[in-house]
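Asks:
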C-alpha cells in the first residue's frame, strides 16, 4: 500500500483536471463533489497507508517511493519521489483530512458564486501542491510544492479579481513569498554543493559526519532555509502578506492561510531537524523569531475589528509558537501544535465564514453582537475553537500549547515569558471576538438583520466535525503519563537523530561547567507550568468578559487613555508603509530613472549619436561631390601642391 | 530510398525556399490560398525536423546527419551541415514555431500578404541554416540572409509610427556586429591557413586550430560584439525594445523565440570553442554583464507602460540567465542555458502571441487601456496566466527547470553571481504579475473592452501546442536534457583541453626565449596542439 503513496497527490490533480478542463457545463453540486471527493479519496488512502505504517516496527517506519527521474544533468539527479514516515504521514493526514472537510463546507459557502468551478479547480490544485510539499523525498520536489502552494494562494486570494484590494493582496502574497523563496533557493544551492544531492535521507545521513556542528556552512544553510520559512509561514519580518490574504474567500483562509500552507515552514524546519540541531545559532534565531512573532502578532490581534484579521494575526502568532517549539528543540511539540491548530483555526475561520454568510458578508465586529441565538451552531462551534486556541483544558490547544511552553521554559525562561504573555493576549482577543460577535447587544445593521439566518447543514456539519476534533484532538498527546503522548511517541523516530545531537551538545556543555541539572522531565515543574498557563488563559477570558460584557464602555476609555499606543498598534506599527517606502517605491523610482535616463538617454544617445555623426559627415562630404569640373580641378591642384610641397620640404 | 540516409537537414533548410518558389506563381490576391500554401510548407519543414529528431542518436556527442558538398573548393568553402545535441532542439524550436507563426498572422496581416509570407519562409531557411551550418562561410551567408526578411517585416508590416526607425536601428546594430565578425572570420581563415597550409572555413577543422592567446582576445571580442548585440546583452540591448514594439506580432515572435538564440548559440558554437582562452578569461566580465542584464532588464520591464515593451525587456533579463549559465562552464549550467534558450523561445514567443491577440482586438498595447479582461475573455486569461507563470519560472513549468539548472550550475563555481542572478527571480514575479494584474484583473472600466470576443478556434490552435511543451519540459525535462548532455560535456571538455594546450605551448614559446609575437611563433610552430575535435 505504501508504494501507492504517489496516488495521494494524484487524486486532487484528477479533480483539478476534470473541473478545469471539461467542467464547463457541470452543475454546481457535481463540480463541488468532484472537488471534494478527490481530496476525500486521498484522505482515505492516507488512512490506509497510516494504518499500514502503524503495523510496522516503530524503528522502520520510513520508506521512500520513487516514481520516475525528474531532472538529470551532470551529477544532478532529482527523482519524483516520496518519503513516507511518521512526520509526512501526520502532514498528509492533516492536509487531506482538513482539506476534505473544508472542500465540503465550500460547496455550501460558495453556492451561487460566478467562479464556482474556478474556485474548486484552484482548491484541488492547492491540495495537490501541498501534498507534494509534505510528501516529497527531496528538497527540490518539496520546493515544487512550496512554490505551487504559493501560486494557488495567489490565485485564491485574488479570487475576487475584480476587487483591486484582492488582486493587490494576491500579488503581495506571491512576491513576499518569492523573497523568502530566494533564501530557500540559496539554501538548496548550498546543500547541493555541499552534499551533491537533494535527497532528504542522504543529506541528513551525511550531514553530521561531513560538517562540523555549529560551523558557518551549516548555520548558513539552515538560516537561508529559514528565510524561506519566514516567508511561507508569515513570520517576522515577512509576515505582512498574511493579513492582506484575508481578501480571499473564507474557506481559502481556513485551508491555506490557517490550517495547511502557512504551516509549511514549520514542517520544513522539522523535516530538517538534523541540520538545525547541528546549528545552535540557527536554533536560537528560529526560537527568537518565533517567540517574537507570537508576541508581536498577538498585540496587533487585540486591536483589530475585522473578525478575519483577528484570526489572521492569531494565526501568525500561533505559527510563532510552532517555530519557538522547533527553535528550542521540541520539534514533535511543534508538529503536535501544528495539527491541533489546523483543527481549531480551520474551525474558527469556517465559523467566521458562517457568520459572514449569515450577515451578508459583514466582517466588522462592531456591526455584530448578540448572534448567539440567531446562529446557534455557528456560535457553539466558534466557542469550541476559541476554548481550544485559548488553551482551556481539555480542549486540543491546551495540550499542545502547554507542551511548547514547558520546553521553552526548559530552554530559557525568557521564551516562556514571551509565550505566556502571548497566550494571555490570545485568550483575551479570542474571547473578545466571541463576546463582540455573539454576546452583548446587537449592533447588526437592519439590512443584514433581515437576511439573518443560520447556515445550511453542508456548512454546519463540517463545523461540528472540526469542533469535535478541537475538543478531542489534544488527547493524542497527553503529557506526563507514560504512553499517553501517542503523537510524541509516533514522531519520535523522525526526530531522534536531531534529539541525539542536541542532547550530545547539551551533555558536553554540562560536563564542561559540571552543571548537574536533570535532563529529563520534571513532573512537578510541568504540572506547575500547566497550572500557570491554564490560569493565564482563564485570566484572558475574564478580562475580555469584563471589558466587553460587564462594562462595554470600558474599551473606548482605554483607547482614549492610550491613544498613541493604540494608534500605533491599530495601524499595525506602519510596517506596510515602511516597506513600501523603503523597498517598493525606491526600486520603482530607480527603475524609472534607469529606463528614462540610462536606456533612452545614455545608450540610445550614443547609438543615435553615432548615426548623427555619420549623417553629418556624409552631409559635409556631399559638398565636395558637387559635380562641377572646376571644383575637381581645384582639388587636383591642391593635391599636386601638397605632394610637391612634401617632396620639396622633406 | 533509404530514409536514414536522406539529407534531412538540407530538406528542412530548403523546403521553405521551395515554398517561396511555389508562392511566386500564385495569384497575389488569393490570400487564403497563399496562406495555406505557406502553412503546408512550414508543416512539411516541421515534419522533416521530426525525422531529424528520429534519426538523431542521443548518445552520440559529435555532429550527426552530416552532409558535405563542395562549394568553392579553391577557397575551402563547402556546403557542410550537421547537428548535435546543442543545436538539435533549437532547430526543432524553429521548425515547431514555423506553422504557428503562419497561423498567428492569418488575420493580422492583410496587405502584401504574398511578400509577407515569402519573407517568413526565407527567414525560416536562414534561421535553420544558421543552426546547422558547419562551415563558417556558409554560416555567415545564412546569418545575413536572416537579416533582410526581418528588416522587411519590421519596416513594412510594422507599426507605422516608428517602424522605419526601429528597422534601421535593428539592421545597423546587427550589421556593425556582424561585419566585425566577418573580419574575425577572415583573420581566422588566413591565420589557420598560413599555419597549417590548409585554407578552410570548415568549422570542425578550425576547432582544432589553436589561435594564439593574444590574437584570441581580439577575435573573441569581434565575435562577442556580433553575438552580444544579437542576444542582446546589456548594454547592447536598446535595439530590442524598439524592434519588438514596432514589429508585427509574428515578427516579434520570431525575433524573440529564435533570432535572439542566434546570439547565444553563436557563443556556444563559435566564439567559445574557437577562442577558449579568451572566453575563459572573459568569464568574469561576461557574467557581470549577464547579471546586470538580469536585474536591469527586470527593473526596467517593471516600469513599462506598453505590454510589448515590457515583454521585450523581460527578454533582456531572461537572456541574461542564458549567458550566465553558459559561462559557468559546468554541465548543469550549460545544459540549463541551452534548455532556457528553448524555454524562452516558447514562453516569450507565446507572450508575444498573446499580446498580439489583444492588440488585434483593441489596437493598443498600453497597460492603462486594459483592466478586467479576465471577465470578458476567460479562455484568453487561462492561456495568458500559464505563459506568465512559465515566464516567471514556476516549478512544474518549463522556465523553472532552466533557471534552476543555470543558477545551480553557476552557484557551483561562482556563488555570488548566482546569488545576484537569483534575485532576478523575485523581480520577474513582480513585473509579470503586476502587468497581469493591471491588464487582466480589476473591473472592466474602459467601455471599449466590454465586448471583446474570447479566443477563436484558430487562436487556441496557435497557443495550445506551446502549452503542451511548457508543461512537458516542466514535468519531464529529461526528454530534452538527455540528448543534450553528451554534446554539452564534449563542449566543456573541448574548451578546457584546448585552453590548457594553448597555455602549454605559450609557456614553451616563452621559455625558448623567442620574444617574437606569439602569433608568429605559433604559426612557425605549425602543428596544431590540440587533439582533433572528434567526429
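Chains as they are written, first to last, in this note's numbering: chain G, 73 to 722; chain S, 127 to 661.
Glycine included, each C-beta is placed from N, C-alpha and C at the ideal position.
(1) With distances taken between CB atoms, is the gap from residue 276 of chain G to residue 216 of chain G smaller than 8 Å?
(2) How many angstroms separate the CA atom of residue 468 of chain G from the CA atom of residue 474 of chain S?
(3) In chain order, what residues of the same chain lie with their CB nearer than 6 Å to the CB of residue 233 of chain G, ignoring the 5 residues before and after it?
(4) Is the stretch 257-270 of chain S in contact with the stretch 155-171 of chain S, if contact means three or more CB pairs nearer than 8 Å?
(5) Would you say residue 392 of chain G lies against chain S (beta-carbon separation less than 8 Å)?
(6) Scan the stretch 245-295 of chain S and note each continuous beta strand (DSSP E) run of 3 residues or more that stays entirely inside, going in chain order.
(7) Output needed in chain order: residues of the stretch 145-176 of chain G with a Cβ under 9 Å from some Cβ in chain S.
(8) Quick one: what's residue 135 of chain G bridged to in DSSP?
(9) What does residue 230 of chain G touch in chain S if you count any residue whose Cβ is under 9 Å from its own?
(10) Taking only beta carbons into account, state which residues of the stretch 239-270 of chain G come closer than 7 Å to chain C, listed in chain order.
(11) Should residue 536 of chain G be counted as a contact of the ligand ZN given a C-beta to heavy atom distance under 7 Å?
(12) Any beta-carbon of chain G closer than 8 Å to the one on residue 428 of chain S?
(13) Residue 284 of chain S: which of S:310, S:318, S:242, S:256 sits nearest, CA to CA?
(14) Please give me, in chain order, every unbroken run of the beta strand (DSSP E) with length at least 3 that falls completely inside the stretch 347-403 of chain G.
(15) My output table needs one value for residue 723 of chain G: the three-state DSSP class, helix, strand or coil.
(16) Quick one: Cα of residue 321 of chain G to Cα of residue 228 of chain G, how far?
(17) Mind checking residue 146 of chain G: buried by the 16 CB within 10 Å criterion, or exposed?
(18) Count the other CB atoms within 10 Å of the CB of residue 391 of chain S; is the residue buried (16 or more) or exposed (fewer)?
(19) Does DSSP put residue 182 of chain G in a helix, a strand or coil?
(20) What residue from G:564, G:365, G:443 has the CA that sits closest to residue 134 of chain G's CA?
(21) Measure the C-alpha to C-alpha separation of residue 711 of chain G and residue 705 of chain G and round it to an integer number of angstroms.
(22) Helix, strand or coil: how does DSSP classify residue 209 of chain S here?
(23) Determine the chain G residues that contact residue 527 of chain S at a beta-carbon separation under 7 Å, and present them in chain order.
(24) So residue 198 of chain S is in the beta strand (DSSP E); what residue range does that whole segment cover?
(25) In the DSSP assignment, find the unbroken alpha helix (DSSP H) run with residue 532 of chain G in it and report its ends.
(26) Of the residues that make up the stretch 653-665 of chain G, which ones have a beta carbon closer than 8 Å to any beta carbon in chain S?
(27) Less than 8 Å between the CB atoms is what I'm expecting for residue 418 of chain G and residue 170 of chain G, so what's the real figure, rounded?
(28) Looking at chain G, which residues of the stretch 454-469 of chain S have a Cβ within less than 8 Å of any of its Cβ atoms?
(29) Taking DSSP as the reference, what is the three-state secondary structure of residue 390 of chain S?
(30) List the residues of chain S whose Cβ lies closer than 7 Å to the Cβ of residue 441 of chain G, in chain order.
(31) To the nearest angstrom, how far is it from the Cα of residue 722 of chain G to the Cα of residue 687 of chain G?
(32) Report the neighbours of residue 223 of chain G on chain S: residues whose CB is nearer than 8 Å to its CB, in chain order.
(33) Please classify residue 142 of chain G: does DSSP put it in a helix, a strand, or coil?
(34) How would you label residue 470 of chain S, buried or exposed, when you count the other beta carbons within 10 angstroms and need 16 or more for buried?
(35) Residues of chain G with CB under 7 Å from residue 364 of chain S, in chain order?
(36) Over what stretch of residues does the alpha helix (DSSP H) that includes residue 684 of chain G continue unbroken?
Replies: Quick look at the numbers:
(1) Not a contact, by the Cβ cut-off of 8 Å.
(2) CA-CA distance, residue 468 of chain G to residue 474 of chain S, rounds to 51 Å.
(3) Non-local C-beta neighbours of residue 233 of chain G in its own chain, meaning closer than 6 Å and more than five positions away in sequence, comprise 239, ordered along the chain.
(4) Short answer: they don't touch.
(5) Judged by the 8 Å Cβ criterion, residue 392 of chain G is not in contact with chain S.
(6) If we require 3 residues or more, the stretch 245-295 of chain S turns out to have no beta strand (DSSP E) run fully inside it.
(7) So the close ones are 145, 146, 147, 148, 152.
(8) Paired residues: G:156.
(9) Simply 563, 567.
(10) The structure shown contains no chain C; its protein chains are G and S.
(11) Absent from the structure shown: the ligand ZN. Ligands present: none.
(12) Interface criterion met: the Cβ of residue 428 of chain S is under 8 Å from a Cβ in chain G.
(13) Checking every option, the nearest Cα to that of residue 284 of chain S belongs to S:242.
(14) The qualifying runs do not exist here; there are none.
(15) Because chain G is modelled from 73 through 722, residue 723 of chain G falls outside the range shown and cannot be assessed.
(16) C-alpha of residue 321 of chain G to C-alpha of residue 228 of chain G: approximately 7 Å in a straight line.
(17) Sixteen is the threshold: when 16 or more other Cβ atoms of the shown chains lie within 10 Å of the Cβ of residue 146 of chain G, as they do, the residue is buried.
(18) Burial call: buried.
(19) Residue state, collapsed to three classes: coil.
(20) For the options G:564, G:365, G:443, the alpha carbon positioned closest to that of residue 134 of chain G is the one of G:564.
(21) The alpha-carbon separation between residue 711 of chain G and residue 705 of chain G amounts to approximately 10 Å.
(22) In the structure shown, residue 209 of chain S adopts extended strand secondary structure according to DSSP, grouped into three states.
(23) Contacts between residue 527 of chain S and chain G, judged by CB atoms closer than 7 Å, involve 143 in chain order.
(24) Residue 198 of chain S -> beta strand (DSSP E) spans 190-198.
(25) Residues 529-544.
(26) Answer in chain order: 659, 660, 662, 663, 664.
(27) About 5 Å separates the beta carbon of residue 418 of chain G from that of residue 170 of chain G, a gap short enough to meet the 8 Å contact definition.
(28) Residues of the stretch 454-469 of chain S that bring their beta carbon within less than 8 Å of a beta carbon in chain G comprise 456, 457, 458, 461, 462, in sequence order.
(29) It is helical.
(30) Near residue 441 of chain G there are no residues of chain S at all, since even the closest Cβ is about 33 Å away, more than 7 Å.
(31) Cα to Cα, the separation comes out at about 37 Å.
(32) Neighbours of residue 223 of chain G on chain S, chain order: 515, 520.
(33) DSSP places residue 142 of chain G in strand when its eight states are reduced to three.
(34) Looking at its Cβ environment, which holds 16 or more other Cβ atoms inside 10 Å, residue 470 of chain S is buried.
(35) In chain order: 671, 675, 676, 679.
(36) Following the DSSP letters along the chain, one finds residue 684 of chain G inside the alpha helix (DSSP H) bounded by residues 676-696.
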